[in-house]
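Structure record follows, encoded as structure tokens.
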Amino acid sequence: MKFFIDFDGTITKNDVVDMMLERFASDEWRAVEKEWVEGKIGSRECLSKQTALVKVSQEDLRRFLKTIEIDPYFTGFLKTAQSFSVPVSIVSDGFRFVIDSVLQNSFQIFPDLLHHVPVFSNEIRWRNGKAEASFPDGVLCEHACANCKARILRENNPDGDFVIFAGDGLSDRFAAKTAALTFAKGKLLKFCQENQIEHIPYSSFKDIENWILTIKGTAIKGTAI
Ligand SMILES: [Mg+2]
Ligand SMILES: [Zn+2]
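Position in the sequence shown (first residue = 1) + 27 = the numbering used here.
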């Protein structure tokens, strides 16, 4: 098995991109968000427009990110996954700068745990003091995603492993449809329930860690995933 994990609101307690917009963007970001929620624009157009509304220096953003809290059980989950050689990747429609800053703050005691966790995400950069979003590949997917989580799940599973996804929000819906199994909470849970997507509800990484321990315990007795 192999895990792909959403970042905002899944590893972090709250959606950091939304927090960043609330704090540093002009109010028009909400109208852009509404267009995305209503399906009028894809997440790439949404994030580009919203990032253009953000006014913050790299230093101030880094300082703000020090206040972000992660799920307190995420570290334990990673340790358990790695102890069973279960690969874990982060797949995000947010920014690499944000993910790296938050994880470095949160993993000061266990920096080695992060060495084996690839991150697939967008990037924020500053040009002439203005923030702008940039995207990992030039070609838009069929959903017009900023960073297509479904494509990442498909393209990073050459051995045909049992792909498990964990997420919480609307930007996770295409990944949930692609994964063999999805751990879901929040808006993603409702989406999985309404669309008959194979899923397990969860509230923290403790639940997912316990699931691995149960499955691997069973596997040792003879039935493997
Ligand atoms: Mg999320
Ligand atoms: Zn997509």
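Just so you know, even glycine gets a beta-carbon here, dropped at the ideal spot from N, CA and C. It should be emphasised that the depicted structure is a prediction, and the values quoted were computed from it without experimental measurement.
Give the DSSP bridge partners of residue i, in chain order.
i: R24; result: Absent from the model: residue 24. The displayed extent of the chain is 28 to 252, so no value can be given.
i: T209; result: F192 and H226
i: F31; result: S116 and F192
i: V81; result: A52
i: I97; result: T39
i: F147; result: V118
For ligand 1, is there a heavy atom less than 7 Å away from the beta-carbon of residue i?
i: T37; result: yes
i: D42; result: yes
i: D33; result: yes
i: D45; result: no
i: G244; result: no
i: D98; result: no
Return yes when at least one heavy atom of ligand 2 lies under 7 Å from the C-beta of residue i, else no.
i: C168; result: yes
i: D178; result: The sequence shown places Arg at residue 178, rather than the Asp named in the question. R178: yes, Cβ under 7 Å from ligand 2.
i: F162; result: no
i: F189; result: no
i: F192; result: no
i: F286; result: Any question about residue 286 goes unanswered here, given that the chain covers just 28 to 252.
i: C219; result: no
i: C73; result: no
Taking the beta strand (DSSP E) that residue i belongs to, which residues open and close that run?
i: T39; result: No beta strand (DSSP E) holds T39; DSSP gives it neither H nor E.
Starting from residue i, trace the alpha helix (DSSP H) both ways and give me its first and last residue.
i: F122; result: Counting along the chain, F122 falls outside any alpha helix (DSSP H), though it belongs to the beta strand (DSSP E) covering V115 to F122.
i: F111; result: Run containing F111: none; DSSP gives neither H nor E here.
i: D199; result: Per DSSP, D199 belongs to no alpha helix (DSSP H) and is neither H nor E.
i: D87; result: Q85 to L92
i: F177; result: It is Ala, not Phe, that sits at residue 177 in the sequence shown. Residues K176 to E182.
Any heavy atom of ligand 3 closer than 7 Å to the CB of residue i?
i: G196; result: Among the ligands in the structure shown, ligand 3 does not appear; only ligand 1 and ligand 2 can be found there.
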